[in-house]
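Data first, discussion second: the structure below is written as structure tokens.
Residue numbers (this note's numbering): 11 to 683.
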């Protein structure tokens with residue numbers, strides 16, 4: 011005696027070896043014996059043999075017309091043997107019955123299971139919908155096959171071209187476009203990026219990186235809606251100062267300026283003046299919503315995406331020759347010892363006498379001219395000399411709190427693309443890379459002035475009971491990062507008791523938020539907490555911090571990546587095939603004269619700081635990867651304590667990561683089978 015039985019949705023057959031009241035021992039053709047509940051035994055038969063039965067039944071099942079079977083089936087529940095007798099003939103044998111069972115089981119869109127071997131036909135509407143789904147899947151499979159064939163042949167179908175960034179970085183793994191790229195990659199045995207590039211979907215490495223960034227961060231485009239800069243309605247007094255700003259020539263969002271009064275009297279008032287868009291832009295206004303959506307200006311060589319439209323920026327920027335609304339903080343101090351006597355915040359109009367530019371003055375305004383060792387033949391020489399002495403004093407005081415000096419072991423790199431432009435770069439421009447030592451005289455003046463103002467304003471907000479957005483760092487121990495929060499806490503890296511960002515309100519949204527709070531303090535003093543836009547424990551502040559951190563990290567990541575692209579392009583334009591570098595870790599090296607970290611074969615076992623010469627053997631502008639190997643070791647390891655600064659560089663050195671995976675099976679479709 012043989013039996014066909016249901017084993018968790020699979021149909022098996024074998025010889026019945028023994029049988030009890032509720033179960034049977036059945037031996038399969040493999041020799042394996044299984045215990046089967048009697049309720050799961052669907053057919054008992056003498057012939058043919060189990061394997062022959064299943065083989066013949068499968069072949070016969072394929073001949074059963076499901077539409078016809080559905081028509082024949084009773085409206086009520088029925089068994090597979092009933093359908094076999096209705097469909098074939100009244101004397102349908104075991105093979106016909108098994109065929110009917112297999113066909114019914116594989117067509118859930120026509121017949122629903124109602125129990126072991128029992129079925130009920132699906133409503134007509136359900137069948138039609140299921141058949142449409144099946145046809146849709148069939149057509150999609152044909153489309154995937156056709157698209158994959160085009161890709162393999164070196165042509166990119168338009169639907170895939172339109173979705174390449176989604177396919178590569180945020181894919182719908184059930185989408186036909188994604189499946190076509192995966193299938194083409196498997197057929198051609200080529201990486202997806204290489205396949206898409208060779209098929210014309212990616213025409214330029216630069217455009218690939220640029221459009222990928224826009225896809226991820228600006229899916230609605232980079233244009234601004236029509237906006238007008240709100241007018242400042244306050245009647246602001248005119249400050250009795252001659253203020254000057256210090257920026258580079260490309261800066262259009264001039265946020266900050268400085269002034270010095272009382273030189274030679276023994277008591278000096280040092281002013282930090284910040285552009286005041288917060289006097290006009292109100293929370294939840296149209297302009298605020300745009301700024302909050304972007305959170306920050308995005309910088310890159312040869313171009314930038316501003317947080318606010320240029321016409322709005324120009325209404326508030328601290329441009330020379332104009333009395334500009336500003337939030338000013340004045341520090342009155344002893345001229346010789348810098349002992350602080352008082353500080354005061356004012357809302358006022360500030361005469362901006364000059365916009366000084368780094369790139370034109372770095373070689374002119376030096377430590378020697380500021381200290382009096384060399385002639386100082388430039389505007390604001392006395393004011394700059396005082397600001398420089400003050401900056402050195404402030405920096406030294408912060409370093410005492412830090413517990414060690416701030417070190418600038420590496421230069422800043424400036425990227426300049428040849429030619430003027432009114433549109434984003436194409437990637438074909440000639441690039442120049444120059445160095446600018448960190449901690450130059452002008453840098454020091456501006457940096458210390460901003461740290462002074464940001465720390466003072468952070469303390470003032472806390473004194474008056476207002477929340478702000480703070481940056482803090484618990485210690486300088488390895489792995490302890492800067493965090494953002496709403497409460498004042500020490501910033502160990504800067505050596506200050508608290509620190510806000512409030513000095514760049516035209517280009518960073520958190521600075522604008524803090525400026526609103528500071529304006530409330532300036533207007534209302536001790537009652538500011540009653541009228542400030544953000545109250546203690548305001549959930550909006552946490553939302554702003556979360557959004558800002560995500561956007562700022564993405565923007566910085568893009569800037570690092572696109573600067574790496576231009577560095578690789580520079581290597582090719584200059585024909586550089588060898589570089590001197592210093593070893594970092596795990597075979598990674600840092601070029602001595604370029605902002606470039608990469609892996610060089612042969613350097614894996616060398617200690618950190620070892621100077622080496624390496625040969626560039628390959629550059630991939632798509633993945634931003636550099637292939638290199640060691641030529642020679644130049645000297646022993648040098649002292650290098652800058653490991654704590656490696657984070658961003660190591661991250662930038664990692665090759666591009668795609669979300670597409672040709673090795674994994676696509677996720678099952680959610681459409682009806």
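Where is the CB? At the ideal position from N, CA and C, for every residue including glycine.
Classification of residue i by the beta-carbon crowding that lies within 10 angstroms, buried from 16 upward
i	result
residue 170	buried
residue 97	buried
residue 537	exposed
residue 205	buried
residue 189	buried
residue 684	Residue 684 is absent from the model: the chain starts at 11 and stops at 683.
residue 216	buried
residue 517	buried
residue 614	exposed
residue 609	buried
residue 603	exposed
residue 60	buried
residue 498	buried
residue 639	exposed
Three-state secondary structure assigned by DSSP to residue i
i	result
residue 262	coil
residue 184	coil
residue 16	strand
residue 202	helix
residue 537	helix
residue 334	strand
residue 427	strand
residue 143	helix
residue 642	strand
residue 339	strand
residue 408	helix
residue 590	strand
residue 228	coil
residue 694	Nothing about residue 694 can be read from this structure; the chain reaches only from 11 to 683.
residue 174	helix
residue 214	coil
residue 35	strand
residue 60	helix
residue 267	strand
residue 365	strand
Pairwise C-alpha distance: residue j and residue i
i	j	result
residue 636	residue 199	23 Å
residue 546	residue 553	14 Å
residue 73	residue 132	21 Å
residue 704	residue 156	A question about residue 704 goes unanswered here, because the residues of the chain that appear run from 11 up to 683.
residue 474	residue 548	16 Å
residue 375	residue 386	7 Å
residue 245	residue 251	18 Å
residue 449	residue 587	31 Å
residue 530	residue 209	58 Å
residue 43	residue 25	9 Å
residue 432	residue 487	45 Å
residue 222	residue 175	6 Å
residue 505	residue 322	35 Å
residue 501	residue 508	6 Å
residue 515	residue 316	12 Å
residue 544	residue 346	40 Å
residue 19	residue 149	29 Å
residue 243	residue 265	20 Å
residue 416	residue 158	56 Å
Check whether residue i and residue j have beta carbons under 8 Å apart
i	j	result
residue 496	residue 481	no
residue 228	residue 300	no
residue 476	residue 542	yes
residue 286	residue 336	yes
residue 318	residue 283	no
residue 253	residue 362	yes
residue 86	residue 50	no
residue 67	residue 112	yes
residue 524	residue 512	yes
residue 277	residue 342	yes
residue 626	residue 452	no
Any non-hydrogen atom of the ligand MN closer than 7 Å to residue i Cβ
i	result
residue 443	You won't find the ligand MN in this model; it holds no ligand whatsoever.
TODO: Entirely within the stretch 276-320 and at least 3 residues each: give me those beta strand (DSSP E) ranges in chain order.
DONE: Within the stretch 276-320, the complete beta strand (DSSP E) runs of at least 3 residues are 277-285, 308-310 and 313-315.
- [ ] Can you check the stretch 601-632 for any beta strand (DSSP E) of at least 3 residues that lies completely inside it and give the ranges in chain order?
- [x] 607-611 and 621-630
Task: 4-residue-minimum alpha helix (DSSP H) runs that sit fully inside the stretch 83-139, ordered along the chain - done: 90-97 and 104-115
Task: Segments of 4+ residues assigned as alpha helix (DSSP H) that fall wholly inside the stretch 411-479 - done: 451-473
Open item on the list: Quick check for students: name the residue ranges of the alpha helix (DSSP H) that lie wholly in the stretch 536-576, counting only runs of 4 or more.
Closed with: 538-541
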